[in-house]
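So the structure is just underneath, and the comments pick up after that.
Number of protein chains: 2
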Amino acid sequence: MDLEIQRKTLIEELGVHLEEDNLAPLAARILATLILAGRRGVTFDEMVCELSAGKSTVSTHLDHLQATNRVTYFTKPGDRKRYFVIDPNLILNLMEEMITKWDKEKRLHLKIRAYKEQCNCEARETGGFQFDLEFQEDFLTYLEETSNAVKKFRDKLLSRNN
Amino acid sequence: MDLEIQRKTLIEELGVHLEEDNLAPLAARILATLILAGRRGVTFDEMVCELSAGKSTVSTHLDHLQATNRVTYFTKPGDRKRYFVIDPNLILNLMEEMITKWDKEKRLHLKIRAYKEQCNCEARETGGFQFDLEFQEDFLTYLEETSNAVKKFRDKLLSRNN
DNA sequence: CCTTTAGTTCGGAAATTCCCGAACTAAGTG
DNA sequence: CACTTAGTTCGGGAATTTCCGAACTAAAGG
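Just so you know, the protein sequences line up as chains A and B, in that order.
Under the UniProt record's numbering, the letters of the first sequence match residues 1 to 162, in that order.
Under the UniProt record's numbering, the letters of the second sequence match residues 1 to 162, in that order.
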């Protein structure tokens, strides 16, 4: 079946890509599998089987993916299995993560700027090296602007989902 | 000297943060050192000494940081040393990287959508599972919008630097 | 109560990443 | 030419990450 080959290829391709944001190879494959499976969900055993991975490995990675708000699951009445799916808020969660990271970075650059200003102040008396603050300023506006852009889209999504 | 302690602390703090985007611990410390040193630049030996690292380690990481457009150096006439500095276009380069990554992601999600549509088409006849394409659509607009926002800021920076 | 299903926990093996020192090069210095 | 300076290259070794199997738990089924 050609569709099946397509699916496998896509899982691998997407998996490799997802590894780039600090996901272990197998964690990336799990996420890719769930993205390709959609709302139907994938059970624990299906993942173990399909990815030919150890149960413990899948278990650990699923824990981590749930803890980082990338994955959830649902159950069916009278069925003990969990059907894992990508978190319906994944996009929002990813944006939230970016915003948090940029905030942290902004605070760091503010500290650095303060440090450099202090250095400049002391050096002015002795005629020593003066820091150029343009880089910090640019970086701060860069963080501010990209952060705001993402926030704007986040709010748009949020209001749509009311 | 209190400023020196402040600097060391900032290098460490910034270093830990920079590790988050796939930089080896020492590579992150090098970048942090350069960010805090500013235009004056830092020589190879200063890094080896200050970070108490092996010369080979510093050499390798500097290569990598230059290859990924994060770091450059300048020289002074009659001085064989290289003075390493963060690439003056670092911010632009970082944005370019983000845009490239999002583009790749977009192409992947287009492929996935095509795959799911094909599945839906076949399943419609047999009455099988139908994929919900909303997630792909949302992800594509998410990538589109954030990408555009960053591009807009990039162009603003570019036109300023004419 | 025994068995099956659906996982979890834990100790460690395998693979990978990160870093180092020793030996080397290449360019200038005396 | 011998020596110093400013690095680079290469062969591991230590640390970390990733993954696994074996033993376990907890819930449901017969």
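Glycine residues also receive a C-beta, built at the ideal position from the N, C-alpha and C atoms.
Is the shortest distance between the beta-carbon of residue i and the beta-carbons of chain B less than 7 Å?
| i | result |
| --- | --- |
| residue 41 of chain A | no |
So, does the CB of residue i fall closer than 7 Å to a CB anywhere in chain A?
| i | result |
| --- | --- |
| residue 150 of chain B | yes |
| residue 6 of chain B | yes |
| residue 46 of chain B | no |
| residue 84 of chain B | no |
| residue 15 of chain B | no |
| residue 38 of chain B | yes |
Along chain B, in chain order, which residues have C-beta atoms closer than 9 Å to that of residue i?
| i | result |
| --- | --- |
| residue 10 of chain A | 108, 111, 112 and 115 |
| residue 145 of chain A | 149, 150, 152, 153 and 156 |
Starting from residue i, find everything on chain B with Cβ-Cβ shorter than 8 Å and list it in chain order.
| i | result |
| --- | --- |
| residue 96 of chain A | Under the 8 Å cutoff, chain B gives no residues; its nearest Cβ is about 13 Å from residue 96 of chain A. |
| residue 3 of chain A | 115, 118, 119 and 122 |
Quick one: using the 10 Å Cβ neighbour count with 16 as the cut-off for buried, is residue i buried or exposed?
| i | result |
| --- | --- |
| residue 52 of chain A | exposed |
| residue 105 of chain B | buried |
| residue 131 of chain B | buried |
| residue 116 of chain B | buried |
| residue 110 of chain A | exposed |
| residue 158 of chain A | exposed |
| residue 129 of chain B | exposed |
| residue 139 of chain A | buried |
| residue 37 of chain B | buried |
| residue 7 of chain B | buried |
| residue 24 of chain B | exposed |
| residue 112 of chain B | buried |
| residue 114 of chain A | exposed |
| residue 1 of chain B | exposed |
| residue 146 of chain B | buried |
What separation, rounded to the nearest whole angstrom, lies between the Cα atoms of residue i and residue j?
| i | j | result |
| --- | --- | --- |
| residue 89 of chain B | residue 135 of chain B | 35 Å |
| residue 21 of chain B | residue 154 of chain A | 23 Å |
| residue 15 of chain B | residue 121 of chain B | 51 Å |
| residue 91 of chain A | residue 46 of chain B | 44 Å |
| residue 108 of chain B | residue 18 of chain A | 11 Å |
| residue 12 of chain B | residue 30 of chain B | 10 Å |
| residue 141 of chain B | residue 40 of chain B | 43 Å |
| residue 50 of chain B | residue 102 of chain A | 28 Å |
| residue 98 of chain A | residue 143 of chain A | 10 Å |
| residue 42 of chain B | residue 148 of chain A | 34 Å |
| residue 10 of chain B | residue 82 of chain A | 45 Å |
| residue 87 of chain A | residue 74 of chain B | 48 Å |
| residue 69 of chain A | residue 93 of chain A | 7 Å |
| residue 34 of chain B | residue 118 of chain A | 18 Å |
| residue 62 of chain B | residue 32 of chain B | 13 Å |
| residue 58 of chain A | residue 66 of chain A | 12 Å |
| residue 44 of chain B | residue 56 of chain B | 11 Å |
| residue 126 of chain B | residue 80 of chain A | 28 Å |
| residue 3 of chain B | residue 54 of chain B | 26 Å |
| residue 150 of chain B | residue 160 of chain B | 15 Å |
| residue 96 of chain B | residue 84 of chain B | 22 Å |
Residues of chain A with a CB under 7 Å from the CB of residue i: which are they?
| i | result |
| --- | --- |
| residue 91 of chain B | 138, 139 and 142 |
| residue 81 of chain B | Within 7 Å Cβ-Cβ: nothing; residue 81 of chain B doesn't reach chain A, min ~17 Å. |
| residue 99 of chain B | The contacting residues do not exist; residue 99 of chain B stays about 11 Å from chain A at best. |
Listing by chain order, which chain B residues have their CB less than 7 Å from the CB of residue i?
| i | result |
| --- | --- |
| residue 131 of chain A | 38 |
| residue 30 of chain A | Neighbours of residue 30 of chain A on chain B: none; closest Cβ ~16 Å, over 7 Å. |
I want to verify the contact list: residues of chain A whose CB lies under 8 Å from the CB of residue i, in sequence order.
| i | result |
| --- | --- |
| residue 105 of chain B | 17 |
Taking only runs of the beta strand (DSSP E) that begin and end inside the segment 14–90 of chain A, which ones reach a length of at least 3 residues, in chain order? Segments of the beta strand (DSSP E) lying fully in the segment 14–90 of chain A: 71–76 and 79–86.
At 3 residues or longer, what runs of the beta strand (DSSP E) sit wholly inside the segment 100–149 of chain B? Restricting attention to beta strand (DSSP E) runs no shorter than 3 residues, the segment 100–149 of chain B encloses none.
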